[in-house]
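What follows is a single structure, written as structure tokens, with notes after it.
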Amino acid sequence: MMDDLVRLAETASDSLLEAAASSRYVRVVSHSDPDGITAAAILSTALFRLDVPFHITLVSRFEEGVLDVIRSSAADLVVLCDMGSGQPELVGRIDEEVIVLDHHRPVGEHRCIHVNPHLVGLDGSFELSASGVAYFVARAMGENVDLSSLAILGALGDKQSMRGANGFILKEASLSGAVERDHGLMLPDGELESVLFRSLDPYFEFSGDSEMVDEFLSQLNLSGRISALDYGSLRRLASALALMLLKRGAVEAIDSLIGEKYQFAHEVIPDAIELLSIVKACGMLEEPGLALSLCLRDDSVLEDARTLEEKGRERVLDTLKMAQRAVSERENLRYVILSDVKGTGVIADTMVRYVFPEKPFLVLNQTPEIVKVSARGTRRQVSEGLDLAIALRDAATLLGGVGGGHNIASGASIPPGTEEEMIELVNEAIGRQLRGRE
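Each residue of the sequence shown is one higher than the one before, starting from 24 at the first, in the numbering used here.
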């Protein structure tokens with residue numbers, strides 16, 4: 024499968040190398056989440072090193088308006104990153120030569136160069152993200168192994184494991200010195216009070232509540248910086264945090280509380296946890312260009328990016344507290360309806376991972392023009408038959424909207440006023456899936 028993936032990536036790299044030889048203008052369009060941002064950074068860096076003229080556009084959804092943007096650019100070649108595999112009709116309406124670099128489950132037939140792990144028997148939900156696909160293309164274009172750290176960051180942003188093709192990239196990154204690996208508590212360094220108060224991933228019941236944090240640390244008799252804690256103190260902290268998650272039934276979250284941590288040799292922020300948090304916040308607050316600059320290794324934007332991350336973290340913590348009080352439940356899912364908030368994907372992911380792990384979780388975000396839906400499940404639910412990509416795509420289509428994504432994480436856009444119908448359609452679909460009727 025890996026050899027097949029490499030050969031598939033080479034079909035895209037050959038076209039891009041031809042663009043370099045003939046000075047063709049390349050338009051890169053990518054998703055504005057961490058995986059899409061890192062994919063765009065990988066590809067654009069590889070193009071820059073070959074003196075290929077290019078322009079990057081980051082978008083939240085691949086829709087009709089994106090085609091208008093592409094048409095206005097007079098590009099010779101269009102590369103779609105982290106999008107396109109599920110929308111062959113839309114891709115087919117692009118007049119220019121197209122390359123699709125994606126990891127979502129393919130739908131229909133694509134009449135273009137199409138690189139996707141699913142096409143070679145790899146699982147795009149867990150084993151390779153769009154940034155990983157972009158990396159395989161970039162490594163075929165030249166000496167770009169230093170970009171492997173960005174592929175790892177994108178995979179972490181999509182909650183993927185470091186196995187399969189991701190494991191291949193990690194091994195290559197480690198051998199080249201691009202990434203250093205360590206084992207420990209999956210929290211950034213800093214003062215304990217501040218780190219725990221600000222913690223979103225993992226999310227604890229005291230996150231955003233300074234009094235609860237102080238009480239928790241007082242009971243453990245802990246203080247100071249995380250990096251200064253001795254082994255016994257770290258073990259005591261980890262055990263207490265794990266017990267807190269266990270009481271909520273967040274078993275999968277416990278497994279990721281202690282694990283492998285990464286330091287990046289070539290990135291402007293070496294700590295993978297901190298860099299991912301900032302990139303995620305920039306995308307959520309509709310400043311993906313700032314995150315892209317970071318991933319292009321521009322340290323002049325560091326202060327602005329960190330300020331934005333703090334603003335985004337505060338906003339999400341406030342929204343999470345509000346959302347927890349408004350959660351409703353159906354037979355096969357939990358959901359919350361919110362109004363014009365940022366970070367619905369983060370909220371859905373946090374809810375199902377740390378607060379309500381028993382059932383898939385939907386966040387419906389009402390705006391004047393459209394209702395955005397984010398859905399998340401757990402790996403256990405996926406192993407039992409859950410496929411949120413199919414559930415949301417089919418339900419949204421019936422309501423005149425669009426949807427899709429991965430079996431474990433998906434999204435949709437539906438017309439205002441169809442929220443209750445959407446909830447019921449997805450509830451019924453999940454019920455059929457988990458009962459094995461599909």
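We put the beta carbon where it would ideally sit given N, CA and C, even for glycine.
Going by CA-CA distance only, name the one from the options that's closest to residue i.
i    : options                : result
E228 : L340, E381, E444, E150 : L340
D26  : R329, E195, D322, V143 : V143
G109 : S83, E283, H126        : H126
T367 : R403, A419, A432       : A432
M209 : L269, D169, I277       : I277
G200 : T401, A328, Y285       : Y285
L223 : G180, T373, L315       : T373
R138 : A32, V350, N388        : It should be pointed out that residue 138 corresponds to Val in this sequence rather than to Arg. Checking every option, the nearest Cα to that of V138 belongs to A32.
I273 : S53, S184, G400, L81   : Inspection of the sequence shows that residue 273 is occupied by Ala rather than by Ile. Of the listed residues, the one whose Cα sits closest to A273 is G400.
R271 : D327, D181, V375       : V375
V364 : E352, R353, G335       : G335
L198 : K303, L260, D237, F287 : F287
P439 : E392, R403, E447       : E392
G428 : I79, G88, V130, E120   : V130
L100 : R47, G177, A371, R248  : R47
E119 : D91, H141, L81         : D91
Got a sec, what are the start and stop residues for the beta strand (DSSP E) residue i sits in?
i    : result
S362 : 357 to 362
V102 : 100 to 104
For residue i and residue j, I'd like the C-alpha separation in whole angstroms.
i    : j    : result
G408 : G459 : 7 Å
E461 : E451 : Reliability fails at E461, whose pLDDT of 48 lies under 50, so the model's placement of it is uncertain and no value is given.
L113 : F379 : 36 Å
L298 : E442 : 35 Å
T342 : V49  : 39 Å
D205 : E283 : 6 Å
R30  : Q347 : 47 Å
L264 : Y377 : 12 Å
L523 : E309 : For residue 523 there is no data in the structure shown, the boundaries of the chain being 24 and 461.
T330 : R134 : 44 Å
R455 : L411 : 12 Å
E381 : V449 : 16 Å
G312 : P76  : 18 Å
V218 : D212 : 7 Å
L269 : Y254 : 22 Å
C104 : S397 : 20 Å
I93  : M185 : 34 Å
A304 : E326 : 14 Å
K214 : L240 : Residue 214 is actually Glu in this sequence, not Lys. One C-alpha to the other measures close to 12 Å.
I'd like to confirm the pairing. Which residues does DSSP put opposite residue i in its beta bridges?
i    : result
G207 : G282
A398 : L385, S433
T80  : V52
V121 : V101
S462 : Beyond the ends of the chain as shown, which are 24 and 461, falls residue 462; an answer cannot be given.
H141 : Note: H141 sits in no beta bridge, so no partner.
V425 : S436
F287 : V202
I60  : Paired residue(s): none; I60 is not in a bridge.
E214 : R248
I292 : BP columns for I292 are empty, so no partner.
I136 : I122
Given residue i, which residues of its chain have a CB within under 7 Å of its CB, disregarding the five upstream and five downstream residues?
i    : result
I453 : N355, L356, P383, L409, A414
L145 : M24, L28, L151, G187, A188
A161 : I65, L66, A69, N167, L170
E195 : V168, S171
Near residue i, what residues of its chain come up, given a Cβ to Cβ distance below 6 Å and the 5 sequence neighbours on each side ignored?
i    : result
A419 : V425, G426, A435, I437
L73  : A43
A174 : S154, G155, Y158, I192
V350 : R357, V359
S36  : V160, A163, M164
R61  : Checking the sequence shown, residue 61 turns out to be Thr, not Arg. Closer than 6 Å at Cβ, skipping near neighbours: S154, L173, L176, G177, C318.
Could you tell me the boundaries of the alpha helix (DSSP H) in which residue i lies?
i    : result
E297 : 295 to 307
V339 : 325 to 347
I192 : 187 to 199
Y377 : Element bounds for Y377: n/a, residue is neither H nor E.
Q110 : Per DSSP, Q110 belongs to no alpha helix (DSSP H) and is neither H nor E.
E447 : 442 to 457
Y158 : 153 to 164
K270 : 254 to 270
Keeping to the same chain, check which residues put their C-beta closer than 8 Å to that of residue i; ignore five residues upstream and five downstream.
i    : result
K395 : T367, L387, N388, G434, A435, S436
M235 : E228, F229
E132 : P111
T34  : I136, V138
Could you check whether the Cβ of residue i sits closer than 7 Å to any heavy atom belonging to the ligand FMN?
i    : result
E203 : The ligand FMN is not part of this structure, which contains no ligands at all.
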